[in-house]
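Residue numbers (the working numbering), protein chains in the order written: chain A, 4 to 111; chain B, 314 to 546. Positions of the beta carbon are idealized from the N, C-alpha and C atoms, including for glycine. Working notes for the structure below.
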Amino acid sequence: MNEFWHLSSVIALLAGVTFLTRALPFMVLGRVADHPLLEHLGRFLPPIVMVLLVIYSFKNDVAFSLDFLPELGCLLLVTALHLAFRQALISIVGGTAMYMLLMQIGVG
Amino acid sequence: MSLSPLNALVLRTSLPVMFGYLPLGAAFGVLFSELDYHWLYATAMGLFIYAGAGQFLAVGLLANQATLTEMAVATLLINSRHIFYGLSLISRMPNRGWRRLYQIFGLTDETYSLITATPLPADIDRGQFQLRITAVNQLYWVIGCTLGAWLGSQLEFNTAGIAFVLPALFMVLTIEQYKHLRDMRPFIAALLIGFGTLLLISREQMLLIAILLSLSVLMMQYAAHRSPRGPEA
Numbered sequence: 004m005n006e007f008w009h010l011s012s013v014i015a016l017l018a019g020v021t022f023l024t025r026a027l028p029f030m031v032l033g034r035v036a037d038h039p040l041l042e043h044l045g046r047f048l049p050p051i052v053m054v055l056l057v058i059y060s061f062k063n064d065v066a067f068s069l070d071f072l073p074e075l076g077c078l079l080l081v082t083a084l085h086l087a088f089r090q091a092l093i094s095i096v097g098g099t100a101m102y103m104l105l106m107q108i109g110v111g
Numbered sequence: 314m315s316l317s318p319l320n321a322l323v324l325r326t327s328l329p330v331m332f333g334y335l336p337l338g339a340a341f342g343v344l345f346s347e348l349d350y351h352w353l354y355a356t357a358m359g360l361f362i363y364a365g366a367g368q369f370l371a372v373g374l375l376a377n378q379a380t381l382t383e384m385a386v387a388t389l390l391i392n393s394r395h396i397f398y399g400l401s402l403i404s405r406m407p408n409r410g411w412r413r414l415y416q417i418f419g420l421t422d423e424t425y426s427l428i429t430a431t432p433l434p435a436d437i438d439r440g441q442f443q444l445r446i447t448a449v450n451q452l453y454w455v456i457g458c459t460l461g462a463w464l465g466s467q468l469e470f471n472t473a474g475i476a477f478v479l480p481a482l483f484m485v486l487t488i489e490q491y492k493h494l495r496d497m498r499p500f501i502a503a504l505l506i507g508f509g510t511l512l513l514i515s516r517e518q519m520l521l522i523a524i525l526l527s528l529s530v531l532m533m534q535y536a537a538h539r540s541p542r543g544p545e546a
């Protein structure tokens, strides 16, 4: 039962926080939606956040060592696949399959 | 029996999202099954949280026994981009009441792009179209999460490295952002700020600090480009 309450509270909390981020513009920004500062942030913040999330994914192994080569190679594969086909599914599955293969044959 | 024109359009439009959400949801489910909780919790997360990156992050946080506060802050940060994605929809959502609430709840990146980018024939009701797109997209996601978690609990297979779906997803979104923006500056700035924060300031708090630094840079840049006599807020 302990597990039930722990997971239920985690799910309720994350559900609330996620809904909040989606509802916030509708709740408070409706009146200022056309303010130029908001447009400026809306234009440039998303690309910055995406790059930061890529870096953040590897925060524990970015050490400029050879250990990072498989990750880097697979990110390049994702990029190449995406530039070639522009199908998110192909890019993500291709890169992840290659990474799993490298991990499971003991590279990295 | 044949589908109504509305449902046919909804299914046709949402097909690419189905091919994205089923396997991505299943990847989440398999990852979740590594935690050895009942697979139904994965279904519940797809139903109530319904956020790709957020749910992947939650698996990592659960595995590391993060506190509730850490989970709330991390989820807020990873989803904060939604704040900027939802802006343009405020005046383009005809539904009211619970329908509008459900649509806001279900406003993922993919749903947003479908309902903003699909041209509608004159005989199709915009509100109904938006609502059904939101619902079928979530259905694909919940099925994917459930299948993955159930399979992961039944079968024994080596999932080492599967967490790479998350950086791969972010990489794809980064490329999509570039194709949309066609401007290298924010990407270079993000690389500098991201690695700078990681190496010089803090590894643990990297995301929060880097986003705050980026916000400051963007606001200074905004202020510098506007004359002191420009319109006030």
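Q: Provide the residue span of the alpha helix (DSSP H) that contains M384/B, from first to last.
A: Walking along the second sequence from the start, residue 384/B turns up at place 71. M384/B -> alpha helix (DSSP H) spans L381 to N392.
Q) When the distance is taken between beta carbons, is L528/B closer than 9 Å to L44/A? A) The residue given as residue 44/A occupies position 41 in the first sequence. The residue given as residue 528/B occupies position 215 in the second sequence. Yes, these two residues count as a Cβ contact at 9 Å.
Q) How far does the alpha helix (DSSP H) with R412/B in it reach, from first residue to last? A) Along the second sequence, read from residue 1 onward, the residue named residue 412/B stands at position 99. From DSSP, the alpha helix (DSSP H) with R412/B extends over G410 to F418.
Q.
Buried or exposed for S94/A, going by 16 or more other Cβ atoms inside 10 Å?
A. Counting from 1 along the first sequence, the entry for residue 94/A is found at position 91. Its Cβ being crowded by 16 or more others within 10 Å, S94/A is buried.
Q: Measure from the C-beta of M533/B to each C-beta in chain A and report whether the shortest distance is under 9 Å.
A: Taking the second sequence and counting its residues from 1, the one referred to as residue 533/B is at position 220. No, because no Cβ of chain A sits closer than 9 Å to the Cβ of M533/B.
Q: Output, in sequence order along the chain, the residues in the stretch 51-62 of chain A whose CB is closer than 9 Å to any CB in chain B.
A: I51, V52, M53, V54, L55, L56, V57, I58, Y59, S60, F61 and K62
Q: Compute the Euclidean distance between the alpha carbons of M532/B and I524/B, then round it to the nearest angstrom.
A: Sequence index remark: in the second sequence, residue 532/B carries index 219 (1-based). Sequence index remark: in the second sequence, residue 524/B carries index 211 (1-based). I524/B has its alpha-carbon roughly 12 Å from the corresponding atom of M532/B.
Q: Out of A476/B, G457/B and I428/B, point me to the one whose CA is closest to F332/B's CA.
A: Taking the second sequence and counting its residues from 1, the one referred to as residue 332/B is at position 19. Considering only alpha carbons, the answer is G457/B.
Q) Should Q378/B be labelled buried (16 or more other beta-carbon atoms within 10 Å of its own) or exposed? A) As a position in the second sequence, residue 378/B is number 65, starting the count at 1. Per the 10 Å Cβ criterion, exposed.
Q) What number of angstroms, rounded off, separates the C-alpha of G98/A from the C-alpha of A83/A? A) By 1-based counting over the first sequence, the position of residue 98/A is 95. By 1-based counting over the first sequence, the position of residue 83/A is 80. Between G98/A and A83/A, the C-alpha separation is close to 10 Å.
Q: Determine, using beta carbons only, whether R412/B and L444/B come nearer to each other than 9 Å.
A: The residue labelled residue 412/B in the question sits at position 99 within the second sequence. The residue labelled residue 444/B in the question sits at position 131 within the second sequence. Yes, Cβ-Cβ distance for R412/B and L444/B is below 9 Å.
Q. At a Cβ threshold of 9 Å, is A87/A touching chain B?
A. As a first step, residue 87/A is located in the first sequence; it is residue number 84 there, counting from the start. A87/A does not count as touching chain B.
**Q.** Top-ranked residue by Cα proximity to G367/B, from P336/B, S393/B and S317/B
**A.** For this step, residue 367/B is matched to residue 54 along the second sequence. Of P336/B, S393/B and S317/B, the residue nearest in Cα terms is S393/B.
Q. Going by the CB atoms, is the gap between L460/B and A364/B shorter than 9 Å?
A. What you label residue 364/B is simply residue 51 of the second sequence in a count that begins at 1. What you label residue 460/B is simply residue 147 of the second sequence in a count that begins at 1. Contact: no.
Q. Along chain A, which residues have their Cβ under 7 Å away from the Cβ of V372/B?
A. Within the second sequence, residue 372/B is the residue found at index 59, counting from 1. The contacting residues do not exist; V372/B stays about 11 Å from chain A at best.
Q: Would you tell me roughly how many angstroms separate the C-alpha atoms of A546/B and L526/B, rounded to the nearest one?
A: For the purposes of this step, residue 546/B is taken as the residue at position 233 of the second sequence. For the purposes of this step, residue 526/B is taken as the residue at position 213 of the second sequence. With a pLDDT of only 43 at A546/B, under the threshold of 50, the placement of this residue in the model should not be trusted; the figure read from the coordinates follows. Rounded to whole angstroms, A546/B to L526/B spans 22 Å at the Cα level.
Q) Between the C-alpha atoms of H538/B and I51/A, what's the straight-line distance to the nearest angstrom? A) Mapped onto the second sequence, residue 538/B falls at position 225. Mapped onto the first sequence, residue 51/A falls at position 48. Straight-line Cα distance between these residues: approximately 19 Å.
Q) Using 8 Å as the threshold, is the stretch 378-387 of chain B in touch with the stretch 419-432 of chain B, meaning 3 or more CB pairs across them? A) no
Q. Does DSSP classify F470/B as helix, strand or coil?
A. Counting from one through the second sequence, the residue named residue 470/B turns up at place 157. If DSSP states are grouped into helix, strand and coil, F470/B belongs with coil.
Q) CB-CB under 7 Å to E6/A, same chain, minus the five flanking residues each way: which ones, in chain order? A) Start at 1 with the first residue of the first sequence, and residue 6/A comes out as number 3. None.
Q. Does the stretch 334-352 of chain B touch the stretch 461-475 of chain B, meaning 3 or more C-beta pairs lie closer than 8 Å?
A. yes
Q: Could you tell me whether any Cβ in chain B is nearer than 9 Å to the Cβ of L72/A?
A: Along the first sequence, read from residue 1 onward, the residue named residue 72/A stands at position 69. Cβ-Cβ to chain B under 9 Å: no for L72/A.
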